[in-house]
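Asker: Chains as they are written, first to last, in the UniProt record's numbering: chain A, 1 to 674; chain B, 1 to 674; chain C, 1 to 674. My questions all concern the structure below.
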Amino acid sequence: MLLFGGDYNPEQWPEEVWTEDVALMRQAGVNIATVGVFAWSDLEPEPGRYEFDWLDRVLDLLHEGGIKVALATPTASPPPWFTLAHPEALPVTADGIRLSHGSRDTYCVSSPAYRAAARAVAGRLAERYAHHPALAMWHVHNEYGTDCRCDVTAAAFRLWLQKRHGDLGTLNEAWTTSFWSQRYSDWAQIAPPRATQYMPNPAHVLDFRRFLSDELLDGFIEQRDLLRAANPAVPVTTNFVQGGWVSVDHARWAEEVDVVAVDHYPDDAGPGAEEQTAFAADLARGWGGGSWLLMETGPNLIYTRGRMHAKEPGRLTRHSLGYVARGSSGAMYFQWRQPRGGAELFHSALVPHAGPDTPVFREAVALGRTLRTLSPKAADAPPPAASVAVTWDAPSWWALQGPGLPAADIDYLAAVRQAHRALYRAKLQADFVFPGVSTALGDYRMIVVPQLYLVSDEAAAAFRDYVAAGGTLVVTYLSGIAEPDTRIRLGGYPGAFREILGVRVVEWHPQAPGTVITLEDGLAGATASAGLAASSGSVAFSGSVASAGLTAERWIERVETAGAATISRYADGPMAGAPAITRNRYGAGSAWYVSAGLTDDSLQALLRQVAAEAGAEPVLPGLPSEVEAVRRGDLLFLFNHGDQPATVDRVTLPPGGVRIRSADGVEGPPVGRG
Amino acid sequence: MLLFGGDYNPEQWPEEVWTEDVALMRQAGVNIATVGVFAWSDLEPEPGRYEFDWLDRVLDLLHEGGIKVALATPTASPPPWFTLAHPEALPVTADGIRLSHGSRDTYCVSSPAYRAAARAVAGRLAERYAHHPALAMWHVHNEYGTDCRCDVTAAAFRLWLQKRHGDLGTLNEAWTTSFWSQRYSDWAQIAPPRATQYMPNPAHVLDFRRFLSDELLDGFIEQRDLLRAANPAVPVTTNFVQGGWVSVDHARWAEEVDVVAVDHYPDDAGPGAEEQTAFAADLARGWGGGSWLLMETGPNLIYTRGRMHAKEPGRLTRHSLGYVARGSSGAMYFQWRQPRGGAELFHSALVPHAGPDTPVFREAVALGRTLRTLSPKAADAPPPAASVAVTWDAPSWWALQGPGLPAADIDYLAAVRQAHRALYRAKLQADFVFPGVSTALGDYRMIVVPQLYLVSDEAAAAFRDYVAAGGTLVVTYLSGIAEPDTRIRLGGYPGAFREILGVRVVEWHPQAPGTVITLEDGLAGATASAGLAASSGSVAFSGSVASAGLTAERWIERVETAGAATISRYADGPMAGAPAITRNRYGAGSAWYVSAGLTDDSLQALLRQVAAEAGAEPVLPGLPSEVEAVRRGDLLFLFNHGDQPATVDRVTLPPGGVRIRSADGVEGPPVGRG
Amino acid sequence: MLLFGGDYNPEQWPEEVWTEDVALMRQAGVNIATVGVFAWSDLEPEPGRYEFDWLDRVLDLLHEGGIKVALATPTASPPPWFTLAHPEALPVTADGIRLSHGSRDTYCVSSPAYRAAARAVAGRLAERYAHHPALAMWHVHNEYGTDCRCDVTAAAFRLWLQKRHGDLGTLNEAWTTSFWSQRYSDWAQIAPPRATQYMPNPAHVLDFRRFLSDELLDGFIEQRDLLRAANPAVPVTTNFVQGGWVSVDHARWAEEVDVVAVDHYPDDAGPGAEEQTAFAADLARGWGGGSWLLMETGPNLIYTRGRMHAKEPGRLTRHSLGYVARGSSGAMYFQWRQPRGGAELFHSALVPHAGPDTPVFREAVALGRTLRTLSPKAADAPPPAASVAVTWDAPSWWALQGPGLPAADIDYLAAVRQAHRALYRAKLQADFVFPGVSTALGDYRMIVVPQLYLVSDEAAAAFRDYVAAGGTLVVTYLSGIAEPDTRIRLGGYPGAFREILGVRVVEWHPQAPGTVITLEDGLAGATASAGLAASSGSVAFSGSVASAGLTAERWIERVETAGAATISRYADGPMAGAPAITRNRYGAGSAWYVSAGLTDDSLQALLRQVAAEAGAEPVLPGLPSEVEAVRRGDLLFLFNHGDQPATVDRVTLPPGGVRIRSADGVEGPPVGRG
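Written out as structure tokens, the structure reads:
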């Protein structure tokens with residue numbers, strides 16, 4: 001059954017509201033509630049004194065209402081008493097400022113006192129509720145990510161480094177500590193990155209982020225094992241959150257959770273919200289190896305650029321079904337009821353301040369009905385099948401957030417999103433692959449490699465084998481530059497890919513925002529003869545990718561070919577006349593190199609053509625540009641994101657509408673703005 | 001007699017300059033000097049060793065020159081020796097950084113050591129000068145507002161909270177501490193808001209600002225009582241300063257001073273300076289219950305956006321008379337003589353670096369003459385009478401500066417200024433009322449309520465009674481949302497006003513800057529029949545407020561009427577067709593709701609029409625747009641803020657000119673740029 | 001011989017790379033390498049344990065290759081062990097945050113522990129290498145400038161202040177400490193500027209910067225003397241770096257180094273790079289009294305606005321020869337080989353990541369050839385001779401970065417650059433003079449004085465004598481305002497210059513960016529009769545400087561003449577009709593006052609005319625605008641900075657090309673983009 005529900009915080013409300021809550025949940029078809037996420041100070045108001053009565057009543061009440069519970073351990077926010085008892089367990093910033101309670105997430109994950117307190121409260125919950133009939137899953141902690149630079153963390157960091165690097169000489173070499181006289185002669189000299197006079201060492205910064213991900217994971221595993229021991233039948237998860245500040249490598253964490261659960265809050269209130277929904281869902285599905293659960297999203301608001309945007313009618317439905325179409329086991333929200341106070345008192349909710357007589361609650365009721373109808377066919381349906389993939393690598397992201405880079409506005413996330421968006425707009429269903437975690441690259445027709453800055457020798461070999469065996473690889477600038485420890489691969493960029501790409505880059509030319517560089521075609525004949533000319537009716541240009549004019553921003557390079565064919569040359573700017581896009585035949589496959597920061601349209605045109613050449617097909621031919629189509633098992637989900645009606649195969653979609661077609665006919669919500 | 005003078009710092013100058021100062025003061029007609037504001041290190045150069053000789057000579061010299069003295073206690077800036085003697089009395093930031101001397105205002109007001117030192121020096125001044133013949137008033141401290149987050153402050157904060165909330169359970173409830181596990185089990189767990197991992201609790205933040213206002217007030221009262229005891233005949237005041245950083249609720253403080261004294265520095269060098277002058281003066285008059293004193297303004301400079309703008313000729317005169325017209329007992333400046341050094345060495349002065357042979361000093365001499373002429377008629381004249389009022393509430397401002405709001409650029413001060421500006425441009429003399437301090441709302445024809453976010457039950461009842469009794473209320477979005485402790489009023493916005501407004505708001509739609517929403521008329525007939533159609537010749541539109549086209553920015557809402565008539569509907573945007581402005585007949589009065597962030601022109605058109613309907617009249621009919629008119633007692637002040645001559649009732653005003661008409665004819669300065 | 005080489009860090013590379021390095025250096029004609037700059041942790045990996053073997057091998061290898069060495073003391077970056085051994089020697093910010101190692105420059109120069117450690121390692125280097133045959137010079141430390149606010153620094157600051165001010169009363173007077181109650185009654189009360197509640201005292205801030213410059217200089221001198229003692233024949237230098245953050249007064253430091261060595265990194269990737277090259281070179285030559293050495297520049301990259309811009313082909317050559325033409329003893333770079341890791345892993349290099357088969361290395365090889373050819377004629381040639389000069393004064397810069405100024409965007413560096421640029425574009429070779437260090441003003445035809453905020457009585461007298469003796473002085477606004485301790489000169493701006501200029505400024509009117517003020521001519525007859533009318537064919541206007549229309553931004557003033565003739569009046573804005581530019585005949589000379597922030601074109605027009613009147617001639621008549629000409633001894637350097645060919649005296653310069661003409665004909669590189 002598809003899950004439908006969200007975060008529920010009865011501890012913030014008097015008991016008479018609980019009764020109304022369950023009644024409203026039943027009215028909406030809610031079948032799961034996440035309970036207890038930040039309830040530590042209500043569960044353990046004083047050290048060692050527990051108050052479980054209220055939680056007993058909540059779980060019983062939900063159970064009576066037929067609603068399952070994802071029960072959380074409350075360890076993401078220690079109570080105020082914890083600060084007084086263990087001031088040394090509070091996090092310290094890079095400036096040496098020790099934080100205080102007053103918000104959430106204020107703990108040092110390396111602190112023995114914090115770990116002990118977390119184990120204690122989680123253990124008591126396990127003991128009491130592991131066999132409660134309402135319990136459907138354990139939800140450990142919340143959105144792991146807190147950073148600390150204290151001395152306790154320093155000690156843990158050193159242990160981690162010893163495991164990673166072995167001896168100090170190896171670390172000195174990997175970190176190039178001879179630069180600026182930072183060679184360590186004793187492990188005790190190593191601390192987390194802290195305020196220093198000038199730029200820090202990128203290798204130091206990156207290893208600290210890796211350490212933090214692993215250290216937080218230790219904290220998770222400790223609780224997971226304890227919960228599993230209490231009742232092995234109940235799955236354990238934690239909610240992954242995305243963001244540039246997050247020190248968690250989800251691709252690695254995914255191996256340790258029973259269910260990949262993801263919080264997703266689009267940060268664009270326009271059409272970007274739908275593209276981000278598709279992106280987040282495809283990425284989560286990749287982490288989950290096919291299955292995953294949307295644990296949180298905002299039902300009625302999108303927060304972006306300092307402003308809460310109310311979603312238009314129908315958008316809650318479209319987004320929710322979008323996640324489901326892309327493999328989620330359900331649709332869950334933050335949160336059930338909007339609070340009267342606290343830092344998030346205006347955060348979104350299914351039952352807002354104005355109560356259930358509101359557009360959002362009415363839409364939730366209808367959506368609940370739809371999900372119930374859909375459940376028999378969707379719940380166990382296999383996820384969408386993709387013939388193309390994009391690479392994702394958290395350490396590369398972190399490294400490209402680091403110091404000393406040739407441009408301060410390099411944006412890994414934007415680059416991966418752009419690659420995914422190009423495929424999304426080309427109606428190509430995409431998966432993600434994780435070459436930093438697994439060298440299994442699948443049998444995709446095409447793999448796009450945006451800004452994969454760090455590449456190990458093993459990953460490089462896997463890409464080589466993939467292409468040699470007939471795959472099509474599209475590599476962009478800033479890929480393959482460094483070894484996993486950030487040491488540059490010498491001899492010309494992109495070091496790890498130079499051989500299969502047949503190119504050598506000798507200079508980078510980052511461009512200021514607003515500068516547009518044009519690419520033109522210098523090899524129309526060559527590419528035509530290579531069979532690109534009329535490869536697909538859906539390609540907007542013919543002859544070569546560049547004949548219709550490609551444009552680039554932010555980045556161009558001085559490329560020398562070494563075996564590759566030049567597909568497109570720079571038409572203006574400092575590299576005018578030099579190769580911009582190349583293709584190399586390598587074994588049975590092709591490896592493309594894109595040296596420029598192509599604009600959206602240009603990247604889309606390029607990938608559409610390369611995909612067609614590689615034999616990757618769109619989900620449906622001839623889809624209108626505003627219509628998104630996703631196949632999950634036998635189901636075909638059609639989303640009209642435009643503000644005009646659209647028709648696909650004689651099925652009419654109202655503006656903002658969704659239709660779901662199964663093997664036995666069209667069904668699903670006649671939702672729309674019209 | 002109208003006061004004329006300003007801050008005088010003889011301690012910065014050799015004694016030969018003092019003689020020149022008094023001669024120049026006499027030349028300019030200065031009759032009061034504020035002395036000693038930051039003189040602590042000169043009065044008490046070492047702990048317990050006082051040097052009063054120089055101050056004796058200064059006061060005697062001024063007295064001989066016929067100049068009165070506002071004698072300050074110097075407690076706003078402890079001397080450097082204080083830092084060494086009492087490092088624990090220096091303020092600590094939210095990050096835990098303890099500040100050092102080197103500027104001004106560097107003290108913790110909760111510190112017993114600071115309090116004792118302040119009492120000691122104030123006591124010695126009282127003892128020595130309470131009966132000096134030059135003494136006209138005591139000026140305690142300077143612009144109270146310093147913030148501290150140290151442990152001493154924490155202890156004081158807890159005592160204050162115990163008084164406010166009684167028991168810890170009540171506080172936990174009021175602050176919704178169950179959110180994010182912040183429930184307190186011991187008072188000792190509560191500290192001032194300090195650096196924490198993520199967003200703080202808005203209730204915590206707001207109560208700390210309330211505490212700080214009260215704590216600073218304690219510091220003032222302590223000195224006031226001591227000075228009063230020395231000579232009960234001498235009034236005691238302190239200079240109020242405005243600004244978003246100020247943790248002082250002046251409406252409450254006003255009850256404790258003998259004279260409301262205000263520092264006012266416009267932050268707009270264009271026409272905004274005149275609007276801000278009117279705003280500040282009307283607000284100060286409200287605090288003072290009718291009377292007040294302009295204690296400081298910059299005579300020749302306006303500082304805004306990092307730049308000191310020299311005032312045009314005549315502007316010093318216009319601004320000064322503007323304050324007087326609106327009830328000030330005089331015009332005082334910071335400062336008499338521009339210093340040769342120190343942090344404010346380029347701050348404005350009546351005697352600038354170039355000396356008295358300068359435009360500013362010449363204008364001051366002429367202004368002194370004008371004020372002398374005006375004194376017999378103006379000094380005791382009653383303040384301007386107003387038929388409309390605007391609400392002001394410092395805690396609502398503070399709450400709207402807090403965390404977690406639906407838009408980060410909500411700006412309470414801008415909203416109140418805009419409402420006042422609309423009335424100012426409509427030539428309606430306005431007062432301010434303070435529903436957070438007093439439920440007395442007066443007998444105004446119309447009260448405008450901009451973004452009154454926090455409303456108590458008592459205040460809500462007062463508004464209800466006001467309307468029921470025939471008053472006209474105009475409430476804007478973001479009003480009535482929460483109880484004074486920031487707990488949201490449930491069931492639909494604007495909770496506290498829902499009944500009298502006859503509306504229910506179910507969604508907010510903050511808009512990004514630059515997005516303009518149009519409002520149109522859907523109920524022309526209804527409003528016409530309600531008598532609005534031709535209510536006033538001065539109304540720029542007829543039929544309904546919206547027929548001429550209203551526009552809004554920043555904010556719109558989904559409004560449902562529940563008894564109210566819709567006066568204007570949204571014409572475009574996500575709420576197209578839904579109510580935007582409504583009016584509800586309630587008892588004998590009317591209550592208008594404005595759900596949109598109207599632009600200046602639109603708000604002015606609306607308020608002009610509503611005021612006309614309510615029977616509020618402009619100061620004079622037919623005033624040219626650039627002319628400001630204010631009545632104080634029998635005097636009519638006319639200001640031409642434009643750059644062309646203007647004529648009012650056969651009185652001609654040169655560009656930038658001011659005329660004052662008394663019952664017995666036109667008089668006053670023929671000042672102008674022409 | 002002209003030096004050619006740069007920073008070389010063999011400690012970052014395995015020894016096999018060293019061999020390749022020397023071979024490539026020989027290929028490129030490199031004749032000097034700067035070694036050991038940040039090698040402390042490799043030279044002394046543990047306290048007192050030295051590893052010199054590797055450095056022995058490096059120096060021997062270089063020596064065998066015929067390459068000289070500038071051997072650095074590594075004291076700019078203590079090793080990690082130093083942090084653990086001497087935590088008290090790490091720098092503390094104004095906020096009280098103690099920094100940690102992890103970058104470079106992390107030390108407190110006042111710390112006895114740091115000083116001792118620095119002396120120790122420098123002493124060991126001196127002992128071992130003072131007579132090494134490869135040693136050409138000592139390079140002490142690197143880019144002195146680190147700031148610290150700790151208590152040890154405070155004690156040193158107090159000693160320095162005692163030397164400067166004598167007694168506390170004098171300091172109190174000089175700093176105007178009576179302002180805001182900051183009068184000191186004990187030296188112990190004085191600390192470095194630290195976080196305080198509000199604006200600091202500008203005199204305090206400025207004296208701290210002066211102190212820091214002197215304190216760092218003490219650190220340099222200590223090492224210099226120790227190195228000199230080891231071998232008096234080897235010159236000792238340190239590399240000066242420019243930047244607003246640098247607390248070093250290079251004009252004073254220049255007296256203590258054997259060679260003025262300068263690091264120069266233009267921060268503009270457009271034509272500004274060439275103007276900055278000329279500016280930096282002329283300034284360095286001024287510091288060096290005619291001779292200097294370019295110690296570092298980026299060979300192939302310009303870093304600006306967060307982005308590394310690759311230099312176009314030929315630009316390395318043009319810039320390098322630009323420095324040489326303006327007197328540098330060579331061209332040296334940071335750095336030889338681009339590192340594989342560390343914070344500057346993408347910083348520029350002669351041998352980039354891609355290796356020697358790259359545009360930059362090929363250009364370096366050609367440049368090496370050119371420099372070898374040029375050496376016999378250029379190495380000992382006298383520097384360029386200039387007939388005009390510009391003033392430079394670090395304390396005025398620092399003061400104009402201080403608090404409390406009338407505009408937050410006053411930019412001394414921009415003003416001096418603009419004055420120099422105007423002369424550069426007028427093809428006038430300029431020197432710099434340093435009135436804060438020496439009152440010798442030379443016998444220039446014209447001296448331009450931009451924003452010389454601080455002027456001593458002695459300097460003022462020197463300017464008076466200069467003009468009286470027939471010199472032409474051009475003074476801009478913000479000059480002569482204060483005494484060296486920042487105390488304002490009273491009676492009207494610009495105090496120190498009022499008499500020779502014959503003007504008195506009574507008001508400043510800083511203008512917001514974007515506001516343009518026009519200046520017009522009110523005295524055409526007078527200036528014509530003064531002989532300006534047709535003074536030069538190269539002047540774009542006649543009659544008066546203003547008849548062609550001058551424009552100003554940012555700053556205008558209310559000027560009263562007191563003897564001076566008005567050359568140009570304000571045509572609009574608040575000062576319309578008042579004098580804008582004046583000229584005063586004083587003794588045998590002329591003193592011009594420019595009260596407005598003239599735009600580039602206007603300042604250039606003015607200075608061109610004034611220079612012509614003063615008899616200063618351009619380097620060559622009739623030079624195309626894109627061509628720069630510099631004479632060094634018998635050599636004439638011609639640079640074509642444009643993208644079209646240019647012809648000068650029948651010598652054709654390709655776009656981006658350089659030609660060097662000696663007494664016996666044209667020679668030099670036919671370099672260009674064409």
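A virtual CB, placed ideally from N, CA and C, is assigned to each residue, including glycine. Note that the coordinates shown come from a computational prediction; the quantities given were computed from them, not determined experimentally.
For a minimum of 4 consecutive residues, which ranges assigned as the alpha helix (DSSP H) are wholly contained in the stretch 346-389 of chain C?
Answerer: Those alpha helix (DSSP H) runs which fall completely within the stretch 346-389 of chain C and span 4+ residues are 359-378.
Asker: Looking at the structure shown, is residue 203 of chain C part of a helix, part of a strand, or coil, going by DSSP?
Answerer: Correct three-state label for residue 203 of chain C: helix.
Asker: Thinking C-alpha only, which one of C/252, C/652, C/470 is nearest residue 217 of chain C?
Answerer: Nearest of C/252, C/652, C/470 to residue 217 of chain C, Cα basis: C/252.
Asker: For chain D, check one thing: does any of its Cβ atoms lie closer than 9 angstroms to the Cβ of residue 164 of chain A?
Answerer: Of the protein chains in this structure, namely A, B and C, none is chain D.
Asker: Residue 442 of chain C and residue 433 of chain C look like a contact to me (Cβ under 8 angstroms); what is the Cβ gap, rounded to whole Å?
Answerer: Indeed they touch by this definition, with Cβ atoms about 6 angstroms apart.
Asker: Could you name the residues of the same chain whose beta carbon sits closer than 8 angstroms to that of residue 273 of chain C, not counting the 5 residues immediately before and after it, in chain order?
Answerer: Within the same chain, residue 273 of chain C has close Cβ partners 266, 302, 315, 319.
Asker: Under a CB-based cut-off of 9 angstroms, is residue 451 of chain B close to chain A?
Answerer: So, not an interface residue.
Asker: Any idea which residues DSSP pairs residue 190 of chain C with across the strands?
Answerer: Residue 190 of chain C pairs with nothing; no bridge assigned.
Asker: Just by C-beta distance, which residues in the stretch 64-86 of chain C are closer than 8 angstroms to chain B?
Answerer: So the list is empty, because no residue satisfies the distance condition.
Asker: Do the stretch 496-507 of chain C and the stretch 553-564 of chain C touch if we need at least three Cβ pairs shorter than 8 angstroms?
Answerer: Flag = yes, the stretch 496-507 of chain C and the stretch 553-564 of chain C touch.
Asker: For residue 434 of chain B, which of helix, strand or coil comes out of DSSP?
Answerer: Note: residue 434 of chain B maps to coil in three-state DSSP.
Asker: Can you list, in chain order, the residues of its chain with a C-beta nearer than 8 angstroms to that of residue 154 of chain B? Leave out the 5 residues immediately preceding and following it.
Answerer: Excluding sequence neighbours, residue 154 of chain B sits near 190, 191, 192.
Asker: What does the alpha-carbon distance come out to for the pair residue 676 of chain C and residue 239 of chain C?
Answerer: Summary: the structure shown does not reach residue 676 of chain C, with chain C confined to residues 1 through 674, and so no result is reported for it.
Asker: Between the alpha carbons of residue 172 of chain C and residue 209 of chain B, how many angstroms are there, rounded?
Answerer: Taking the straight line joining both Cα atoms gives about 37 angstroms.
Asker: So which residues of chain B does residue 103 of chain A contact, with C-beta pairs closer than 7 angstroms?
Answerer: Near residue 103 of chain A (Cβ distances below 7 angstroms), the residues of chain B are 180, 196, 197, 198, 199, 200.
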